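The sequence shown lines up with residues 1 to 100 when you count with the UniProt record's numbering. Just so you know, even glycine gets a beta-carbon here, dropped at the ideal spot from N, CA and C. On a predicted model such as this, the values are computed, not experimentally measured, just so you know.
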Amino acid sequence: MEFQELKDFVARHDNIEVRVITHAGSHFYQIEVEDSEGRRHMITRRGKPGLFRSLDDVYLELKRAGIHRAYLVQQVPHDEMIGHEAHYHDPLTSRMPLVF
Numbered sequence: 001m002e003f004q005e006l007k008d009f010v011a012r013h014d015n016i017e018v019r020v021i022t023h024a025g026s027h028f029y030q031i032e033v034e035d036s037e038g039r040r041h042m043i044t045r046r047g048k049p050g051l052f053r054s055l056d057d058v059y060l061e062l063k064r065a066g067i068h069r070a071y072l073v074q075q076v077p078h079d080e081m082i083g084h085e086a087h088y089h090d091p092l093t094s095r096m097p098l099v100f
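Pasting the structure below:
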């Protein structure tokens, strides 16, 4: 999903979860949106992954789209090495609420 589509998507879907994903040891952030049917949409720019260098940049883009809540998710190298998907739905260990 392109950034231009994000604002329209948010207006049409009322039950979404927005995740700001970072990889351990990385200084880049990506945005993922999950709709009520469980479909995940990575936010892209001109067909390439939308990467941000700071959380402030992420906040600005999400505010422009009308989003005021998201979760910060840090993927753990151990999960990546053994081929496991990140555990996004375990609120105590893998995600931190962001409100802006």
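1. Use the C-beta contact count for A70: other C-beta atoms within 10 angstroms, 16 or more gives buried, fewer gives exposed.
2. Look at the alpha carbon of S26 and the alpha carbon of G50, and state the distance between them as a whole number of angstroms.
3. Just mark V73 as buried or exposed, buried being the case when its beta carbon has 16 or more other beta carbons within 10 Å.
4. Contact check, F100 vs K63 under 8 Å by CB: the rounded distance?
5. When the distance is taken between beta carbons, is R46 closer than 9 Å to Y29?
6. Which two residues bound the contiguous alpha helix (DSSP H) that contains L98?
7. Excluding five sequence neighbours on each side, which residues of the same chain lie with their C-beta closer than 8 Å to the C-beta of K7?
8. What is the rounded straight-line gap between the Cα of M1 and the Cα of P97?
Well, looking at it:
1. buried
2. 15 Å
3. buried
4. 7 Å
5. no
6. From DSSP, L98 is part of no alpha helix (DSSP H) but of the beta strand (DSSP E) over R95 to V99.
7. R64, A65 and G66
8. 23 Å
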